[in-house]
Amino acid sequence: MERYAVRSAKTDRRRLEAAGFDSAQAEALLHMIGDSQEALATKQDVASVQGALTQDIADLRTELKQDIADLRSDLNDVATAVAANTARIDALERAMEDLRQEMRDRFESFRQEIAGQMDGLRAEMRALKWMFGTVLALMVPMVGSIIVLALR
Numbered sequence: 182m183e184r185y186a187v188r189s190a191k192t193d194r195r196r197l198e199a200a201g202f203d204s205a206q207a208e209a210l211l212h213m214i215g216d217s218q219e220a221l222a223t224k225q226d227v228a229s230v231q232g233a234l235t236q237d238i239a240d241l242r243t244e245l246k247q248d249i250a251d252l253r254s255d256l257n258d259v260a261t262a263v264a265a266n267t268a269r270i271d272a273l274e275r276a277m278e279d280l281r282q283e284m285r286d287r288f289e290s291f292r293q294e295i296a297g298q299m300d301g302l303r304a305e306m307r308a309l310k311w312m313f314g315t316v317l318a319l320m321v322p323m324v325g326s327i328i329v330l331a332l333r
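For the sequence shown, the positions run 182 to 333 when my numbering is used.
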């Protein structure tokens with residue numbers, strides 16, 4: 182390959198000189214072109230980079246697949262926890278409703294008990310009023326008789 186470059190450089194120098202370049206200009210231009218060609222990638226360089234990139238991509242895909250599998254597993258764990266918490270919340274709601282119903286029942290029982298006691302007290306008050314009225318009704322003629330006797 183280097184022989185081709187040397188032969189090509191000699192041919193290129195002759196062409197440049199034939200076009201009007203002096204020997205130093207032709208040599209400088211050919212060196213510039215040679216230097217720039219050295220910086221160019223070869224097929225082997227491209228193949229090497231391509232192989233490394235292919236391997237990096239394969240490694241990345243493997244990592245991504247593992248990350249996705251881990252994420253799915255985590256999501257399944259979250260879904261399981263949510264389902265368990267939902268069941269607990271449902272159980273708590275039922276327990277709270279049972280407690281509310283028990284409180285309503287107890288309140289109603291207490292209300293009925295108080296109402297019964299109030300009815301009993303009202304009946305006793307009526308009886309006491311009748312008894313007091315009867316006592317007064319019996320005492321008025323007696324007191325009147327005592328007053329009449331005392332005034333005579």
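For every residue, glycine included, the Cβ atom is placed at its ideal position computed from N, Cα and C.
Can you tell me where the alpha helix (DSSP H) holding residue i begins and where it ends?
{"i": "D216", "result": "S204 to E219"}
{"i": "G158", "result": "This structure leaves residue 158 out entirely; the chain is present only between 182 and 333."}
Express the C-alpha separation of residue j and residue i in angstroms, rounding to a whole number.
{"i": "R292", "j": "Q282", "result": "15 Å"}
{"i": "E305", "j": "G325", "result": "30 Å"}
{"i": "Q231", "j": "A222", "result": "12 Å"}
{"i": "R192", "j": "Q247", "result": "For the record, residue 192 in the displayed sequence is Thr; it is not Arg. The alpha-carbon atoms of T192 and Q247 are separated by roughly 59 Å."}
{"i": "R196", "j": "S229", "result": "36 Å"}
{"i": "L252", "j": "L245", "result": "10 Å"}
{"i": "I328", "j": "G314", "result": "21 Å"}
{"i": "S290", "j": "R303", "result": "20 Å"}
{"i": "R333", "j": "M323", "result": "16 Å"}
{"i": "L234", "j": "D258", "result": "35 Å"}
{"i": "E294", "j": "M284", "result": "15 Å"}
{"i": "S217", "j": "A250", "result": "48 Å"}
{"i": "D203", "j": "D240", "result": "56 Å"}
{"i": "M320", "j": "A296", "result": "36 Å"}
{"i": "Y185", "j": "M213", "result": "Only weak support exists for where Y185 lies, its pLDDT of 42 falling under 50; the coordinates are left without a value."}
{"i": "F288", "j": "K310", "result": "32 Å"}
Just checking my contact of residue i with residue j at CB under 8 Å: how many whole Å lie between their CB atoms?
{"i": "A205", "j": "E198", "result": "The pair is not a contact, with the Cβ atoms about 10 Å apart (cut-off 8 Å)."}
{"i": "L211", "j": "A190", "result": "5 Å"}
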